[in-house]
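Below you'll find the structure, written out as C-alpha coordinates, and then a few comments.
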Amino acid sequence: MKNKNKAAFIVGLILFLISLALDKYSAHFVSIIKNPFFDSIFGWFTSFVNVFVILIFVTTIFLWEEKKREWIFPLWLSFLFSIAVSFILKLIIARPRPTELLYPVINTLSFSFPSMHAMVSFAAVPILIMEFPRLRWFWIAFAFLVAFSRIYFNYHFLSDAVFGVFFGYFIGLLIIFIEKKYRPFKFLM
35 MKNKNKAAFI VGLILFLISL ALDKYSAHFV SIIKNPFFDS IFGWFTSFVN VFVILIFVTT
95 IFLWEEKKRE WIFPLWLSFL FSIAVSFILK LIIARPRPTE LLYPVINTLS FSFPSMHAMV
155 SFAAVPILIM EFPRLRWFWI AFAFLVAFSR IYFNYHFLSD AVFGVFFGYF IGLLIIFIEK
215 KYRPFKFLM
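Per my numbering, the sequence shown runs over residues 35 to 223.
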(Lines of atoms letter the chains of each structure in order from A; the text may use other names.)
(Lines give C-alpha, C1' and ligand atoms only; values in the text may rest on other atoms or scores of the structure.)
Protein backbone atom coordinates (compact mmCIF):
# COMPACT_ATOMS: atom_id res chain seq x y z
CA MET A 35 0.00 0.00 0.00
CA LYS A 36 1.43 3.36 -0.98
CA ASN A 37 2.06 5.94 1.73
CA LYS A 38 -0.67 8.17 0.28
CA ASN A 39 -3.19 5.32 0.49
CA LYS A 40 -2.07 4.43 4.02
CA ALA A 41 -2.53 8.04 5.09
CA ALA A 42 -5.98 8.14 3.47
CA PHE A 43 -6.93 4.92 5.24
CA ILE A 44 -5.82 6.29 8.62
CA VAL A 45 -7.63 9.59 8.03
CA GLY A 46 -10.75 7.67 7.00
CA LEU A 47 -10.62 5.51 10.11
CA ILE A 48 -10.17 8.54 12.37
CA LEU A 49 -13.02 10.41 10.65
CA PHE A 50 -15.25 7.36 10.98
CA LEU A 51 -14.53 7.08 14.72
CA ILE A 52 -15.19 10.81 15.18
CA SER A 53 -18.40 10.53 13.15
CA LEU A 54 -19.66 7.80 15.48
CA ALA A 55 -19.43 10.30 18.33
CA LEU A 56 -21.14 13.00 16.25
CA ASP A 57 -24.11 10.95 14.98
CA LYS A 58 -26.59 12.49 17.40
CA TYR A 59 -25.34 16.04 16.79
CA SER A 60 -25.39 15.69 13.01
CA ALA A 61 -29.07 14.68 13.15
CA HIS A 62 -29.77 17.80 15.20
CA PHE A 63 -27.81 19.99 12.76
CA VAL A 64 -29.80 18.61 9.82
CA SER A 65 -33.08 19.37 11.58
CA ILE A 66 -31.95 23.00 11.92
CA ILE A 67 -31.07 23.49 8.23
CA LYS A 68 -34.03 21.52 6.82
CA ASN A 69 -36.18 23.59 4.45
CA PRO A 70 -38.14 23.16 1.19
CA PHE A 71 -35.30 24.50 -0.96
CA PHE A 72 -32.80 21.96 0.39
CA ASP A 73 -35.50 19.27 0.27
CA SER A 74 -35.78 19.68 -3.50
CA ILE A 75 -32.01 19.79 -4.09
CA PHE A 76 -31.14 16.85 -1.87
CA GLY A 77 -34.22 14.98 -3.06
CA TRP A 78 -32.61 14.77 -6.47
CA PHE A 79 -29.29 13.54 -5.07
CA THR A 80 -30.87 10.92 -2.81
CA SER A 81 -32.63 9.20 -5.71
CA PHE A 82 -30.70 6.04 -6.58
CA VAL A 83 -32.09 6.31 -10.11
CA ASN A 84 -30.37 9.68 -10.58
CA VAL A 85 -27.04 8.30 -9.33
CA PHE A 86 -27.45 5.35 -11.69
CA VAL A 87 -28.26 7.66 -14.64
CA ILE A 88 -25.09 9.65 -14.01
CA LEU A 89 -23.10 6.42 -14.18
CA ILE A 90 -24.90 5.46 -17.40
CA PHE A 91 -24.02 8.89 -18.80
CA VAL A 92 -20.39 8.44 -17.82
CA THR A 93 -20.35 4.99 -19.39
CA THR A 94 -21.67 6.51 -22.61
CA ILE A 95 -18.84 9.05 -22.55
CA PHE A 96 -16.39 6.17 -22.08
CA LEU A 97 -17.84 4.46 -25.15
CA TRP A 98 -17.32 7.52 -27.30
CA GLU A 99 -13.71 7.88 -26.32
CA GLU A 100 -12.07 4.73 -27.58
CA LYS A 101 -9.01 4.92 -25.37
CA LYS A 102 -11.26 4.86 -22.29
CA ARG A 103 -13.29 1.79 -23.19
CA GLU A 104 -11.10 -0.42 -21.02
CA TRP A 105 -12.50 1.31 -17.92
CA ILE A 106 -16.19 0.73 -18.63
CA PHE A 107 -16.28 -2.74 -17.09
CA PRO A 108 -14.17 -1.74 -14.04
CA LEU A 109 -16.51 1.22 -13.47
CA TRP A 110 -19.54 -1.08 -13.55
CA LEU A 111 -17.71 -3.61 -11.38
CA SER A 112 -17.00 -0.93 -8.76
CA PHE A 113 -20.70 -0.05 -8.86
CA LEU A 114 -21.90 -3.66 -8.49
CA PHE A 115 -19.23 -4.74 -6.00
CA SER A 116 -19.96 -1.77 -3.72
CA ILE A 117 -23.68 -2.62 -3.80
CA ALA A 118 -22.93 -6.23 -2.85
CA VAL A 119 -20.51 -5.30 -0.05
CA SER A 120 -22.91 -2.71 1.33
CA PHE A 121 -25.83 -5.13 1.25
CA ILE A 122 -23.85 -7.84 3.07
CA LEU A 123 -22.63 -5.37 5.72
CA LYS A 124 -26.19 -4.10 6.23
CA LEU A 125 -27.39 -7.66 6.91
CA ILE A 126 -24.50 -8.43 9.26
CA ILE A 127 -24.60 -5.18 11.27
CA ALA A 128 -28.39 -4.62 11.11
CA ARG A 129 -28.26 -1.06 12.44
CA PRO A 130 -31.72 0.57 12.45
CA ARG A 131 -32.16 3.72 10.39
CA PRO A 132 -32.45 7.06 12.23
CA THR A 133 -36.09 7.36 11.14
CA GLU A 134 -36.86 4.05 12.86
CA LEU A 135 -35.30 5.31 16.08
CA LEU A 136 -37.06 8.68 15.90
CA TYR A 137 -40.39 7.25 14.77
CA PRO A 138 -40.62 3.58 15.82
CA VAL A 139 -43.82 3.13 13.78
CA ILE A 140 -41.85 3.56 10.52
CA ASN A 141 -40.20 0.40 9.21
CA THR A 142 -38.05 0.92 6.13
CA LEU A 143 -37.35 -2.81 5.60
CA SER A 144 -33.63 -2.16 5.29
CA PHE A 145 -30.78 -1.22 7.54
CA SER A 146 -28.72 1.91 7.97
CA PHE A 147 -25.05 0.90 8.11
CA PRO A 148 -23.33 1.53 5.77
CA SER A 149 -24.83 4.03 3.36
CA MET A 150 -25.08 2.18 0.05
CA HIS A 151 -25.58 5.46 -1.82
CA ALA A 152 -22.35 6.88 -0.38
CA MET A 153 -20.44 3.67 -1.01
CA VAL A 154 -21.61 3.30 -4.62
CA SER A 155 -21.01 6.93 -5.58
CA PHE A 156 -17.54 6.99 -4.03
CA ALA A 157 -16.55 3.62 -5.51
CA ALA A 158 -16.84 5.25 -8.93
CA VAL A 159 -14.89 8.40 -7.97
CA PRO A 160 -11.30 7.04 -8.29
CA ILE A 161 -11.98 5.70 -11.80
CA LEU A 162 -13.76 8.87 -12.87
CA ILE A 163 -10.99 11.09 -11.52
CA MET A 164 -8.34 8.97 -13.23
CA GLU A 165 -10.09 9.19 -16.59
CA PHE A 166 -11.49 12.71 -16.30
CA PRO A 167 -8.99 14.60 -14.12
CA ARG A 168 -10.33 18.01 -15.12
CA LEU A 169 -13.71 17.04 -13.68
CA ARG A 170 -12.20 15.84 -10.41
CA TRP A 171 -14.05 18.36 -8.22
CA PHE A 172 -17.34 17.75 -10.00
CA TRP A 173 -17.18 14.00 -9.26
CA ILE A 174 -16.14 14.58 -5.65
CA ALA A 175 -18.86 17.20 -5.09
CA PHE A 176 -21.47 15.00 -6.76
CA ALA A 177 -20.56 12.03 -4.57
CA PHE A 178 -20.52 14.16 -1.40
CA LEU A 179 -23.95 15.58 -2.21
CA VAL A 180 -25.26 12.04 -2.67
CA ALA A 181 -23.79 11.01 0.70
CA PHE A 182 -25.03 14.13 2.53
CA SER A 183 -28.52 13.79 1.06
CA ARG A 184 -28.87 10.49 2.89
CA ILE A 185 -28.06 12.17 6.21
CA TYR A 186 -30.27 15.15 5.37
CA PHE A 187 -33.36 12.96 4.97
CA ASN A 188 -32.54 10.90 8.11
CA TYR A 189 -31.99 7.71 6.14
CA HIS A 190 -28.50 7.43 7.63
CA PHE A 191 -26.39 8.50 10.54
CA LEU A 192 -23.25 10.53 9.82
CA SER A 193 -21.09 7.48 10.55
CA ASP A 194 -23.02 5.38 8.00
CA ALA A 195 -22.21 7.90 5.28
CA VAL A 196 -18.59 8.46 6.36
CA PHE A 197 -17.93 4.72 6.35
CA GLY A 198 -19.63 4.42 2.95
CA VAL A 199 -17.51 7.26 1.55
CA PHE A 200 -14.18 5.77 2.58
CA PHE A 201 -15.00 2.12 1.98
CA GLY A 202 -16.47 2.94 -1.42
CA TYR A 203 -13.41 4.97 -2.34
CA PHE A 204 -11.13 2.07 -1.41
CA ILE A 205 -13.26 -0.30 -3.49
CA GLY A 206 -12.65 2.01 -6.45
CA LEU A 207 -8.90 2.05 -5.73
CA LEU A 208 -8.87 -1.75 -5.46
CA ILE A 209 -10.60 -2.12 -8.83
CA ILE A 210 -8.05 0.25 -10.41
CA PHE A 211 -5.15 -1.68 -8.84
CA ILE A 212 -6.49 -5.01 -10.12
CA GLU A 213 -7.13 -3.65 -13.61
CA LYS A 214 -3.71 -2.02 -13.94
CA LYS A 215 -1.75 -4.93 -12.48
CA TYR A 216 -3.58 -7.96 -13.88
CA ARG A 217 -5.77 -6.61 -16.71
CA PRO A 218 -8.47 -9.26 -16.06
CA PHE A 219 -11.10 -7.41 -18.11
CA LYS A 220 -9.01 -7.04 -21.27
CA PHE A 221 -11.02 -9.75 -23.05
CA LEU A 222 -14.14 -7.56 -22.78
CA MET A 223 -12.74 -4.77 -24.97
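Quick reminder that beta carbons are idealized off the backbone N, C-alpha and C, glycines included.
Cα-Cα separation, residue i to residue j
i	j	result
Phe176	Val199	12 Å
Tyr216	Glu104	13 Å
Glu165	Phe107	13 Å
Phe201	Thr94	26 Å
Ile66	Val87	31 Å
Phe76	Val119	25 Å
Thr133	Phe191	10 Å
Ser53	Val92	31 Å
Leu47	Ser81	27 Å
Phe72	His151	18 Å
Ala153	Asn69	Strictly speaking, residue 153 in this sequence is Met, with Ala absent from that position. Looking at the two C-alpha atoms, the distance is approximately 26 Å.
Phe145	Ile44	26 Å
Trp171	Ser155	14 Å
Leu56	Lys101	44 Å
Phe182	Phe50	15 Å
Ile205	Ser60	26 Å
Lys36	Asn84	34 Å
Pro130	Ser193	13 Å
Ser74	Phe187	11 Å
Leu125	Leu89	26 Å
Ala42	Trp98	33 Å
Phe63	Ile185	10 Å
Pro148	Lys220	32 Å
Ser116	Ile212	15 Å
Phe178	Pro218	30 Å
Secondary structure of residue i, DSSP reduced to three states
i	result
Lys215	helix
Pro130	coil
Lys102	helix
Ser149	coil
Ser183	helix
Phe113	helix
Lys40	helix
Lys124	helix
Lys68	coil
His190	coil
Ser74	helix
Ser144	coil
Phe156	helix
Ser17	Any property of residue 17 remains undetermined from this structure, which presents the chain solely from 35 to 223.
Ser60	helix
Phe178	helix
Phe91	helix
Phe166	coil
- [ ] Count the CB pairs spanning the stretch 106-124 and the stretch 141-161 that are closer than 8 Å, and state whether there are at least three.
- [x] Verdict: yes, contact present.
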